[in-house]
Amino acid sequence: MIEIACPRCGARVYATTEDYKEEQLEVYAEKLCPRCVQPGDRVCLVRCTDAYTKLEPNALGTVSFIDSLGTVFVSWDDGHTLGLMERAGDRFEVVRREER
Ligand SMILES: [Zn+2]
Numbered sequence: 225m226i227e228i229a230c231p232r233c234g235a236r237v238y239a240t241t242e243d244y245k246e247e248q249l250e251v252y253a254e255k256l257c258p259r260c261v262q263p264g265d266r267v268c269l270v271r272c273t274d275a276y277t278k279l280e281p282n283a284l285g286t287v288s289f290i291d292s293l294g295t296v297f298v299s300w301d302d303g304h305t306l307g308l309m310e311r312a313g314d315r316f317e318v319v320r321r322e323e324r
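Here is the structure:
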């Protein structure tokens, strides 16, 4: 597990070398930062710890809301909704930020 500071907000971002090469992480920290994600952002699933989901890595969706515990609820393009919890080991990448 590698820890890196988000260049946008300074929050700690965790990633594993399973998902990313160490030298990529500087670039990816901002996309992986769970604090910088906001409703309307488009996200891509990196890894999900939910054993019951049919979602595959690289699934795309739109963030609908984020609860007070930091769970990021996503409306996936295949039609279902699933919340991602960074603290549980779920990982996603922001692929496009909502203009604001
Ligand atoms: Zn951040």
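Numbering (this note's numbering), first residue to last: 225 to 324.
Backbone N, C-alpha and C define an ideal beta-carbon position, used for all residues, glycine too.
The structure presented is a predicted model; accordingly, all values stated were derived computationally and were not measured.
Taking C-alpha atoms, which residue in the options lies nearest to residue i?
| i | options | result |
| --- | --- | --- |
| glutamate 310 | Glu254, Gly294, Glu246, Tyr244 | Gly294 |
| phenylalanine 289 | Asp265, Arg315, Val319 | Asp265 |
| threonine 286 | Ala229, Ile226, Leu269 | Leu269 |
| methionine 225 | Cys233, Gly234, Ala235, Tyr244 | Tyr244 |
Name the DSSP beta bridge partners of residue i, please?
| i | result |
| --- | --- |
| glutamate 227 | Tyr238 |
| arginine 271 | Arg315 |
| serine 299 | Thr286, Thr305 |
| arginine 232 | BP columns for arginine 232 are empty, so no partner. |
Would you report the Cα separation of residue i and residue j, rounded to the nearest angstrom?
| i | j | result |
| --- | --- | --- |
| proline 231 | alanine 253 | 7 Å |
| valine 261 | glutamate 242 | 22 Å |
| leucine 256 | glutamate 317 | 5 Å |
| leucine 284 | glutamate 247 | 25 Å |
| valine 251 | valine 298 | 23 Å |
| proline 258 | leucine 249 | 14 Å |
| lysine 278 | histidine 304 | 10 Å |
| tyrosine 238 | aspartate 314 | 11 Å |
| arginine 320 | threonine 240 | 22 Å |
| aspartate 291 | alanine 312 | 15 Å |
| glutamate 280 | arginine 271 | 8 Å |
Specify the secondary structure class of residue i as computed by DSSP and reduced to three states.
| i | result |
| --- | --- |
| leucine 256 | helix |
| leucine 249 | helix |
Heavy atoms of ligand 1 versus C-beta positions, residues under 5 Å: Cys230, Arg232, Cys233, Ala235, Cys257, Arg259, Cys260
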